[in-house]
Amino acid sequence: METGCRRRGPDDTSMKILVCVKQVQDTESPIEIANGGQWINEEGHIAFRMNRYDEFALEEAVLIRESLGDVIVDTISVGQQRSGSTLKKSLEKGAANGIHILLETTGYCPPSLTAALIADYARDKSYDIILCGVMAEDDMQCQVGPLIAARLGFPCAVSVVKEAISPDRKTITVECELEGGINETIALPMPCLLTIQSGINRPRYPSLSNVLRAKDQKLLTIQANVGPLSLKPEQLVSISYPEKGTKGLIITGTAEQKAEQLLTILHEQSLI
Amino acid sequence: MERILAILDTIANKPAPSGFELINFAEQFADTFSLDIQVVVAGSSIVDVAEKASCYGHDVMGLEHNSLTHPNPDFLAKAVIPLIDDIKPRYVCFQHTMRGCQMAAHLSARLNMTCITAVQSFNAVGDIPVFRRSLFNGKLTIDLSPTTEQSVLTILPGAFAPADSSAVPRNPGTVVIRKISDIDSPCRPLSMSESTEETVRLEESDVIISAGRGIGAQENLELIREVARLFPNSAVGASRIICDQKWLPYAHQVGVTGKTVSPRLYMACGISGSQQHISGMKGSQIIVAINTDPQAAIFSISDYIIIEDLKTFLPTLMQKHKELYK
Ligand SMILES: Cc1cc2nc3c(=O)[nH]c(=O)nc-3n(C[C@H](O)[C@H](O)[C@H](O)COP(=O)(O)OP(=O)(O)OC[C@H]3O[C@@H](n4cnc5c(N)ncnc54)[C@H](O)[C@@H]3O)c2cc1C
Ligand SMILES: Nc1ncnc2c1ncn2[C@@H]1O[C@H](COP(=O)(O)O)[C@@H](O)[C@H]1O
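Protein chains in written order, with my numbering: chain W, 1 to 272; chain H, 1 to 326.
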């Protein structure tokens, strides 16, 4: 039997949750174009970390486990070798197993590919809930979650800021955030997929015992099998730096000089 | 002629705030690639919106079902599949809202169409469209092209102005209302609620000093408050990250899921300038940004750019103000 694969009997009420975690470059790292305008320079000074929305998704899964008890929380990530460190982090934060779909290619990764790989892994693993972040901070596609749901035929709710599982563990009621402070309440049957919005909880710091456990634990690494997927994703033409806004004035000098100049400007505009 | 299907976002049988921007995009795109426009609106009672949308001169189809009173993207995505099979549009476009993204993903997976999201502009290379969107929180832009006969697009709110139905005299398009038969969608929208907590009237302030994650610690909000006190009728605003951490109540949040403001002065302190934040404050008269990262996207919409650590710069600003103006 494959690791993580488990068929359930009629009395088995335990639950399985899969959390999709993406490794992203820290947005404050300087970013420079490389590969002839086809991608960025990933060497050197770029820091990689877990997508923040996925931290909220993972925390929500751990909270569900803490309140219901018999729940298994797995995490999955598609990416290069380095994504392994983000999966390790997820173990430190409380996931039971980390699954690494190893995709060696660098460069733009279409969401349809990521989603197809995750859906293929999850298909026969009887997960009750799949959680994603509402978006990845680097590419902001907001696609991978609903794509996985469509591929698996799961109902899906996006931008979830609150969830409650029914006592019979068959349905989940969620609050989805629309724009401008409006929330919508939706009920959906499980299995289902939710994308989690920030603010739903307060992601915890890893506990020492989890850090120690994660150190020794192996990830389940699976080579991505892209061949049979027959996807027709969007094609990258090129990457460029945004056109500089022409209107902005860069205030220069020492901090004192900058402060003085700013005050002068605000004074001239009769703001102070 | 080939068609572009523009599926407008509606909430409770009303067009969403950025709804009619999609018509403007569709018109510009249809002009470039010689397409006909078919507008789609959906709800439980949608005639009024359909008629309003038809004033732009394009044919409108209203899809009606009781399950569409509240936004129900799972249901609606499934409901437009037969329509796409029927009229075979070359492009299907949505607003890049969470619901639009969900529907776009559903269609692209089910119908194996290329999907390009958060489109800000487009170009034609021969007869192939190249769509531009941003990457890495606005630090780069990426150009993408579809590879399938039919493709799905989501258009970034704010990238195109709302279409102006009075600009050129137009004959209203035809309106057809279609009742949708039952669809196998297990999502059940139950209700909608609005946040009533109101602790600050950001929209009414002349000056907003806003804090982002760059403030580093909750104590540093005091710096922001002190700067705000320099101005009459001022308020403290914040990025979502600050409100998520409950450092400030939700009413202070500026952006798509917070307030849309247009004060005389907006000072962004330690805010990177994500699209979701910018869409709520880009209408401000004067924008000043203070950030340590010279590549921060907020600078691209700022009038005055200050590359400094706010934790040292704001105290300096207060000090100078004391010296010069008191
Ligand atoms: C559906 C959806 C809706 C959203 N709605 C909103 C919304 O309404 N409003 C909103 O704000 N966000 C919203 N977001 C979140 C948004 O995408 C960003 O995550 C958020 O705006 C980032 O906040 P920030 O700029 O404070 O933090 P970051 O992006 O982390 O930026 C922090 C900045 O501070 C700078 N910095 C760090 N230290 C210092 C220092 N000492 N001095 C000066 N600068 C410093 C850094 O260089 C960086 O640019 C939404 C996201 C989604 C998916
Ligand atoms: N490479 C990846 N590996 C695992 N999960 C991912 C990956 N890319 C995206 N996701 C998940 O999908 C969500 C949305 O990503 P996106 O559609 O790229 O905005 C993220 O928050 C993750 O939960």
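Ideal Cβ placement from N, Cα and C applies to all residues, glycine included.
Leu212 of chain W burial status per 10 Å Cβ neighbour count (16 or more: buried): exposed
Nonlocal neighbours in the same chain, by C-beta distance under 8 Å from Thr117 of chain H, ignoring five residues either side: His96, Cys101, Ala104, Arg133, Leu153 and Thr154
Chain C within 7 Å of Ile186 of chain W, Cβ atoms only: Absent from the structure is chain C; the protein chains it does hold are W and H.
Coil, strand or helix - Glu194 of chain H by DSSP: In the three-state reduction of the DSSP assignment, Glu194 of chain H falls in the strand class, which pools E and B.
Minimum C-alpha distance to Asp36 of chain H - residue among H:Glu51, H:Ile242 and H:Lys88: Checked all of H:Glu51, H:Ile242 and H:Lys88; the closest Cα to Asp36 of chain H is H:Lys88.
Endpoints, the beta strand (DSSP E) within which Glu222 of chain H is located: Note, Glu222 of chain H: premise wrong, no beta strand (DSSP E); alpha helix (DSSP H) at Leu221 to Arg229.
Own chain partners of Arg82 of chain W with C-beta closer than 8 Å, once the 5 adjacent residues on each side are dropped: Correct list, in chain order: Gln23 and Phe48.
Chain H contact for Val237 of chain W (CB, 7 Å cutoff): yes
Residue-level contact to chain H via CB, Asn97 of chain W, 7 Å cutoff: no
Under 7 Å between C-beta atoms of Cys192 of chain W and Ile118 of chain W: no
Proximal residues to Ala75 of chain W (C-beta, below 8 Å), its chain only, five neighbours per side dropped: The sequence shown places Thr at residue 75 of chain W, not Ala. Excluding positions up to five away in sequence, the list reads Leu18, Val19, Cys20, Val21, Leu58, Leu87, Ser90, Leu91, Ala95, Asn97, Gly98 and Ile99.
For Lys14 of chain H, three-class secondary structure by DSSP: strand
Residues that DSSP places opposite Asn97 of chain W in a beta bridge: For Asn97 of chain W, the beta-bridge partners assigned by DSSP are W:Asp74.
Cys132 of chain W and Val144 of chain W closer than 7 Å at C-beta: yes
Endpoints, the beta strand (DSSP E) within which Arg202 of chain W is located: It is not in any beta strand (DSSP E) - Arg202 of chain W carries neither H nor E in the DSSP assignment.
Lys22 of chain W Cβ short of 6 Å to ligand 2 heavy atom set: yes
Alpha-carbon spacing of Leu140 of chain H relative to Leu5 of chain H, whole angstroms: Computed Cα separation, rounded: 29 Å.
Cβ pair Ile208 of chain H, Gly237 of chain H closer than 7 Å: Against a cut-off of 7 Å, the Cβ pair of Gly237 of chain H and Ile208 of chain H comes out as a contact.
Check: Asn291 of chain H C-beta below 6 Å from any heavy atom of ligand 4: Of the ligands this structure carries, namely ligand 1 and ligand 2, none is ligand 4.
beta-carbon Ser18 of chain H near ligand 1 non-hydrogen atom, thresh 6 Å: no
Met1 of chain W - DSSP class collapsed to helix/strand/coil: Residue placement at Met1 of chain W is poorly supported in this model, since its pLDDT is 34, which falls under 50; the coordinates still yield a value, given next. Coil at Met1 of chain W, not helix or strand.
Sub-7 Å separation of Asp309 of chain H and Glu28 of chain W beta-carbons: no
Three-pair Cβ contact test at 8 Å for the region 41-51 of chain H versus the region 7-17 of chain H: yes
Exposure of Thr3 of chain W, with buried meaning 16 or more beta-carbon neighbours within 10 Å: Residue placement at Thr3 of chain W cannot be trusted, given a pLDDT of 41 that sits under 50; what the coordinates show is reported in the next sentence. With fewer than 16 Cβ atoms within 10 Å of its Cβ, Thr3 of chain W is classed as exposed.
The region 177-193 of chain W in contact with the region 148-168 of chain W per 3-pair CB rule at 8 Å: yes
Burial state of His252 of chain H, where buried means 16 or more other Cβ atoms lie within 10 Å: buried
Contact with chain H by Gly248 of chain W, beta-carbon distance below 7 Å: yes
Close Cβ partners of Arg178 of chain H (< 8 Å) along its chain, the five nearest in sequence each way excluded: Met61, Gly62, Leu63 and Glu64
C-alpha distance - Val226 of chain W paired with Glu32 of chain W, whole-angstrom precision: Taken atom to atom, the span from the alpha-carbon of Val226 of chain W to that of Glu32 of chain W is near 28 Å.
Residue-level contact to chain H via CB, Lys273 of chain W, 7 Å cutoff: Past the edges of chain W, shown from 1 to 272, lies residue 273 of chain W, and the structure says nothing about it.
Residue ranges of each alpha helix (DSSP H) within the region 90-152 of chain H, 4 or longer: 98-111
Which of helix, strand or coil DSSP assigns to Met50 of chain W: strand
Val134 of chain W beta carbon less than 7 Å from that of Thr171 of chain W: Taking the C-beta atoms as reference points, Val134 of chain W is found no nearer than 7 Å to Thr171 of chain W.
Outcome for Leu202 of chain H when other beta-carbon atoms lying within 10 angstroms are tallied against a minimum of 16: buried
Assigned secondary structure, Gln223 of chain W (DSSP; H/G/I helix, E/B strand, else coil): strand
Under 7 Å between C-beta atoms of His58 of chain H and Val39 of chain H: yes
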